[in-house]
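First residue of the sequence shown: 0, per numbering that gives the first Met the number 0; consecutive thereafter.
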Amino acid sequence: MEGEGTSKNNAFHGRIKERILSKIAEYLTSKGYIVYRNAIVRGEGVKHRFDLVAKQSPIPGSNINLGIIVVENNVNTDLVEKLLGWIDEIHSIKIILIPLSRVDREAQHLAQKYGIDIVSPVSVLSQIKAGEEELLEAGHGIEVYYVEPKLSVEQVAELFCHKLKPSIFRTTKYSLSKIALIYYPLIEQQVE
């Protein structure tokens, strides 16, 4: 009996995971991303698997790379610490976790500190027929997290000014006229 319930739960998580990934892939493709499912990214001698990798070059010479992992089990500090090693090896990819179960508070703080986004699947599922009802029937608690860009406008301006300090070798003066922070949120959600 116990094994049967576990296999039903695994099958349920598998269906939800597939729906989430297909919806995200569809959304990112519509925004101009090139999307790869079950992608392997080569690190320093190690290969890392993402459920979905999305790439885009909105401005020549710049790239946006997103690595998405749907986590079927609880997100704990062990998982986040493992992903911190990935960041050191493949720092050009923004890692985004979509938990189907609970997120430990310590794991949430650690992920936030090191720039790993944890995003709720609720709004993706709300676009899928009966998605939320299935989650509620299964009794899963979903927490919502805010996805924040890595740099603020103030930080960009400060970096710019720091890099272009006047010197005796630099004759041209530079001034900052416009800043565009590019960050595509994966999920929009209204909380009442």
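Backbone N, C-alpha and C define an ideal beta-carbon position, used for all residues, glycine too.
So Gly66 is in the beta strand (DSSP E); what residue range does that whole segment cover? Locating residue 66 in the sequence shown gives position 67, counting from the first residue. 63-70 is the span of the beta strand (DSSP E), which, as asked, contains Gly66.
As a quick exercise: from Gln55, Gly114, Glu71, pick the residue whose alpha carbon is nearest that of Val102. Your numbering for residue 102 matches position 103 in the sequence shown. The shortest Cα separation from Val102 among Gln55, Gly114, Glu71 belongs to Glu71.
Only counting runs of 3 or more residues, tell me where the beta strand (DSSP E) segments fall wholly within the segment 18-83, in order along the chain. Segments of the beta strand (DSSP E) lying fully in the segment 18-83: 33-41, 46-55, 63-70.
Below 8 Å between beta carbons: does that hold for Ile97 and Val69? By one-based count along the sequence shown, residue 97 stands at place 98. By one-based count along the sequence shown, residue 69 stands at place 70. The answer is yes: Cβ separation under 8 Å.
So, with DSSP's three-state summary, where would you put Asp87? Taking the first residue of the sequence shown as 1, we reach residue 87 at position 88. Three-state result, Asp87: helix.
Just the C-alpha distance for Glu25 and Arg18, rounded to the nearest angstrom, thanks. Here the question's residue 25 lines up with position 26 in the sequence shown. Here the question's residue 18 lines up with position 19 in the sequence shown. Taking the straight line joining both Cα atoms gives about 11 Å.
How about Asn192 and Ile92: are their beta carbons less than 8 Å apart? In this structure the chain extends from 0 to 191, so residue 192 is not present and cannot be described.
Identify the continuous beta strand (DSSP E) that holds Leu99 and give its terminal residues. Against the sequence shown, residue 99 aligns to sequence position 100. For Leu99, there is no enclosing beta strand (DSSP E), as DSSP gives it neither H nor E.
What do you get for Tyr113, buried or exposed, if any count of 16 or more other CB atoms within 10 angstroms of its CB means buried? For the purposes of this step, residue 113 is taken as the residue at position 114 of the sequence shown. Classification for Tyr113: exposed.
Spatial neighbours of Thr28 within its chain, please: C-beta separation below 6 Å, excluding the five flanking residues on both sides. Translated into the one-based positions of the sequence shown, residue 28 becomes position 29. So the qualifying residues of the chain are Val34.
Use the C-beta contact count for Leu158: other C-beta atoms within 10 angstroms, 16 or more gives buried, fewer gives exposed. Here residue 158 is taken as the residue at index 159 of the sequence shown, counted from 1. Exposed: under 16 other Cβ atoms inside 10 Å.
Kindly identify the DSSP beta-bridge partner or partners of Ile117. The count along the sequence shown starts at 1 and reaches residue 117 at position 118. Ile117 is bridged to Leu96.
Should Pro59 go down as buried or exposed, given a rule of 16 or more other Cβ atoms within 10 Å for buried? Your numbering for residue 59 matches position 60 in the sequence shown. Its Cβ having fewer than 16 others within 10 Å, Pro59 is exposed.
Based on Cα-Cα distance, which residue from Ala106, Arg41, Ser100, Lys16 lies nearest to Asp87? Working through the sequence shown from its first residue, we reach residue 87 at position 88. Minimum Cα distance to Asp87 is reached at Arg41.
How close, in whole Å, do the beta carbons of Asp192 and Asn62 come, if the pair is a contact with beta carbons under 8 Å? What the structure shows of the chain is the stretch from 0 to 191, and residue 192 is not part of that stretch, so it cannot be assessed.
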